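Down below is the structure, laid out as structure tokens.
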Amino acid sequence: MKGPEIAAHPATMIDTRLATGMAPSSATNPVVMQPPPPSLPSTIDETLSRCPRFRILVVGNDIDIADGRTGRADIDREYTSNDNPCFALHDSKGFEPGFAHHWAIVEEFIRRRSKKNLPIEQRLHALWLCIETPRTGSRLMQTADEDLLKLAIARNIPVIVVFTKFDLLFFEFRAKAARFHGEQDNRSIDQIQVAKDARRSLNASIDLFRQQYDPKKNKLFPLPHAKPSLNYVGVSTNQQFPGFLQTLEELTGVTRKCLHTQETFTPWAVAQRIDPKQKVQTSIEPHNSAEYWKNLARSTVFKDHVLKDCLWRIHLDIVKVWNFRDPQMFHVRMLKLIDPFIPQSDPGLKALRHLPLVAALAAIFGPIFPPLAIAFGAAGFTAVSIEFLYKNYRAAPETALYLEAYIIHLTLFLYELFVTALRTEWQKPLTSELIITTLEQFRETKSEQIHQLIRNNAPFTLGPEKMRRNIGDLIRRQLGMDSQTT
Numbered sequence: 029m030k031g032p033e034i035a036a037h038p039a040t041m042i043d044t045r046l047a048t049g050m051a052p053s054s055a056t057n058p059v060v061m062q063p064p065p066p067s068l069p070s071t072i073d074e075t076l077s078r079c080p081r082f083r084i085l086v087v088g089n090d091i092d093i094a095d096g097r098t099g100r101a102d103i104d105r106e107y108t109s110n111d112n113p114c115f116a117l118h119d120s121k122g123f124e125p126g127f128a129h130h131w132a133i134v135e136e137f138i139r140r141r142s143k144k145n146l147p148i149e150q151r152l153h154a155l156w157l158c159i160e161t162p163r164t165g166s167r168l169m170q171t172a173d174e175d176l177l178k179l180a181i182a183r184n185i186p187v188i189v190v191f192t193k194f195d196l197l198f199f200e201f202r203a204k205a206a207r208f209h210g211e212q213d214n215r216s217i218d219q220i221q222v223a224k225d226a227r228r229s230l231n232a233s234i235d236l237f238r239q240q241y242d243p244k245k246n247k248l249f250p251l252p253h254a255k256p257s258l259n260y261v262g263v264s265t266n267q268q269f270p271g272f273l274q275t276l277e278e279l280t281g282v283t284r285k286c287l288h289t290q291e292t293f294t295p296w297a298v299a300q301r302i303d304p305k306q307k308v309q310t311s312i313e314p315h316n317s318a319e320y321w322k323n324l325a326r327s328t329v330f331k332d333h334v335l336k337d338c339l340w341r342i343h344l345d346i347v348k349v350w351n352f353r354d355p356q357m358f359h360v361r362m363l364k365l366i367d368p369f370i371p372q373s374d375p376g377l378k379a380l381r382h383l384p385l386v387a388a389l390a391a392i393f394g395p396i397f398p399p400l401a402i403a404f405g406a407a408g409f410t411a412v413s414i415e416f417l418y419k420n421y422r423a424a425p426e427t428a429l430y431l432e433a434y435i436i437h438l439t440l441f442l443y444e445l446f447v448t449a450l451r452t453e454w455q456k457p458l459t460s461e462l463i464i465t466t467l468e469q470f471r472e473t474k475s476e477q478i479h480q481l482i483r484n485n486a487p488f489t490l491g492p493e494k495m496r497r498n499i500g501d502l503i504r505r506q507l508g509m510d511s512q513t514t
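As structure tokens, then:
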């Protein structure tokens, strides 16, 4: 049964800002793209069918998903968002140590949701233990409970200790700096130094917590050495705080790093809407990048399929990781970006160059034109380009180069769109205007450079595995990401 919506209460900001805010609004499109044929299966859909949503239990009085009041939530209810069904949250009902009834509810939920025979989609994938960041004169709140941590770690559930309201600690140190220097204007204060001082204070609180509760530091936890340590992060949901987005990026990164199973990597990357580089990496990881683009020059999956269908399958799988709706909104425009990669030397296409577009389409399709072909013509595609897209995939280096160009352009554009939306349209649906504007800026400022990069690294002589790595490395290089061999 579908759970209630994540409430827009200030206490829920960690959850909602990770889970919502970047689904584009519906836009009319003259052509409705048909699904790819069943013979072009989706690897990403197969993964998400096993685990369609990432499930987190939030523990701590500092955050209550239901209405901001302790003890009101039902731990079994799934809190979701219509804009992001890939994210499911459970509230711990304001659990506090020492309250036996509350502990019994939490314990039963964790045990039930961590059974090995339970389908992965129903299991608990992570636990966020939320504690308010201590400030000067305040002590570390004893909201953690040894039994809770023992149980979660023993059941192999990743635990992330989230120190909330880190911004209050930052502003406290900024006020101290202003008083010390007699400054009335915060703009003259060394914000970087203030951030370092606040971070140093947070790290001291983390060290104190670690000494008390971390199984690798505390002998009270008789757990096997193979069990993971606790993970820690300071978070602020205050948009006025300079490090607001950085703290949420750290939370998404820490959560990803502590996941234990391959089955949860992709659902988390799809669900989170803060870190675009996680989405890039997930798009190009070998267990998600389906067989069809590991060997683009000699694909057995693409054999006997129309090239436009192969491109549409690639498009859908990559966009699915980014968790955007209406992926067809920019598919034709993306194809137009890589028009220069269409081979022009094919003898069968040369005869079409001198014909008017309508006559050329009639020569290709007969008296009835496919709607998509008409859309291609309206978008400025030549008859040569349209004929190329409607021909069957051909095992050739030129085809591989064209497909590689599409994968790289689409991934880098989605990164640009994601970052633009994160900075300018926070918590708002994406509009078609924003998508078109971002795509035009991408075309004007980056497309030509990417074209040259692809041509300089043409995969004509690469084998399947090297080709996949070549695509991934080119994307990472453009984004300043570390090169990986996965």
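For the sequence shown, counting from 1, position 454 maps to 482 in our numbering; every step adds exactly one. Just so you know, even glycine gets a beta-carbon here, dropped at the ideal spot from N, CA and C. Small disclaimer: the values here were computed from a predicted structure and weren't measured.
#1: Determine the DSSP secondary structure at cysteine 286, reduced to helix, strand or coil.
#2: Does the beta-carbon distance from alanine 223 to phenylalanine 198 come in below 8 Å?
#3: Based on the DSSP secondary-structure assignment, which residues constitute the bridge partners of phenylalanine 82?
#4: Hey, how far is the Cα of lysine 285 from the Cα of arginine 341?
#5: I need the DSSP call for proline 38, collapsed to helix, strand or coil.
#6: If you compare alpha carbons, which of Arg83, Ser460, Asn266, Pro66 is closest to phenylalanine 293?
#7: Roughly how many angstroms lie between the CA atoms of threonine 427 and tyrosine 421, to the nearest whole one?
#8: Shortest alpha-carbon distance to arginine 301 belongs to which of Ser460, Leu445, Trp156?
#9: On the criterion of 16 or more Cβ atoms from any shown chain inside 10 Å, does phenylalanine 115 qualify as buried, or is it exposed?
#10: Who does alanine 154 pair with in a DSSP beta bridge?
#11: In this structure, how does DSSP classify glutamate 136 when only helix, strand and coil are distinguished?
#12: Sorted by chain position, which residues of the same chain lie with C-beta nearer than 7 Å to glutamate 135's C-beta, five sequence neighbours on each side aside?
#13: By alpha-carbon positions, which one of Asn351, Ser460, Thr465, Ile436 ends up nearest to glutamate 501?
#14: Just the C-alpha distance for asparagine 3 and glutamine 239, rounded to the nearest angstrom, thanks.
#15: Under the three-state reduction of DSSP, which class applies to leucine 458: helix, strand or coil?
#16: Name the residue from Ala449, Thr473, Arg471, Glu472 whose alpha carbon lies nearest to the alpha carbon of leucine 462.
#17: Take asparagine 358 as the anchor and find which of Glu291, Ala407, Thr75, Lys331 has the nearest alpha-carbon.
#18: Quick check on glutamine 268: buried or exposed, where buried means 16 or more other Cβ atoms within 10 Å of its Cβ?
#19: Starting from glycine 262, follow its DSSP beta bridges and name the residues at the other end.
#20: Just the C-alpha distance for leucine 389 and glycine 281, rounded to the nearest angstrom, thanks.
Once the coordinates are examined:
#1: Walking along the sequence shown from the start, residue 286 turns up at place 258. Cysteine 286 falls in the coil class under three-state DSSP.
#2: Within the sequence shown, the letter at position 195 stands for residue 223. Within the sequence shown, the letter at position 170 stands for residue 198. Closer than 8 Å, so yes.
#3: Position 54 of the sequence shown, counted from the first residue, corresponds to residue 82. Phe115, per the DSSP bridge assignment.
#4: Taking the first residue of the sequence shown as position 1, residue 285 is located at position 257. Taking the first residue of the sequence shown as position 1, residue 341 is located at position 313. Distance between the alpha carbons of lysine 285 and arginine 341 is about 29 Å.
#5: The count along the sequence shown starts at 1 and reaches residue 38 at position 10. Confidence at proline 38 is low in this model, with a pLDDT of 33, below 50, so its placement is unreliable and the value that follows should be read with caution. Helix.
#6: Along the sequence shown, one-based indexing puts residue 293 at 265. Nearest option by C-alpha distance: Arg83.
#7: Counting from 1 along the sequence shown, the entry for residue 427 is found at position 399. Counting from 1 along the sequence shown, the entry for residue 421 is found at position 393. Their Cα atoms are separated by approximately 8 Å.
#8: As a working note, residue 301 is residue 273 in the sequence shown. Cα-wise, what sits closest to arginine 301 is Leu445.
#9: Start at 1 with the first residue of the sequence shown, and residue 115 comes out as number 87. Its Cβ being crowded by 16 or more others within 10 Å, phenylalanine 115 is buried.
#10: One-based indexing of the sequence shown puts residue 154 at position 126. Paired residues: Ile84.
#11: As a working mapping, residue 136 is identified with position 108 in the sequence shown. Three-state DSSP puts glutamate 136 in a helix.
#12: Counting from one through the sequence shown, the residue named residue 135 turns up at place 107. Leu179, listed in sequence order.
#13: In the sequence shown, residue 501 corresponds to position 473, counting from 1. It is worth fixing the name first, because residue 501 is aspartate in this sequence and not glutamate. The option with the nearest alpha carbon to aspartate 501 is Ile436.
#14: The chain is shown only over 29 to 514; residue 3 falls outside these bounds and no answer can be derived.
#15: Stepping through the sequence shown from its first residue, residue 458 is reached at position 430. Correct three-state label for leucine 458: strand.
#16: Start at 1 with the first residue of the sequence shown, and residue 462 comes out as number 434. For leucine 462, the nearest C-alpha among the options comes from Ala449.
#17: As a working note, residue 358 is residue 330 in the sequence shown. Rather than asparagine, the amino acid found at residue 358 in this sequence is phenylalanine. The option with the nearest alpha carbon to phenylalanine 358 is Ala407.
#18: As a working note, residue 268 is residue 240 in the sequence shown. When all chains shown are included, glutamine 268 counts as exposed.
#19: Walking along the sequence shown from the start, residue 262 turns up at place 234. Looking at the DSSP assignment, glycine 262 forms a beta bridge with Phe191.
#20: Stepping through the sequence shown from its first residue, residue 389 is reached at position 361. Stepping through the sequence shown from its first residue, residue 281 is reached at position 253. Their backbone Cα atoms lie some 50 Å apart in a straight line.
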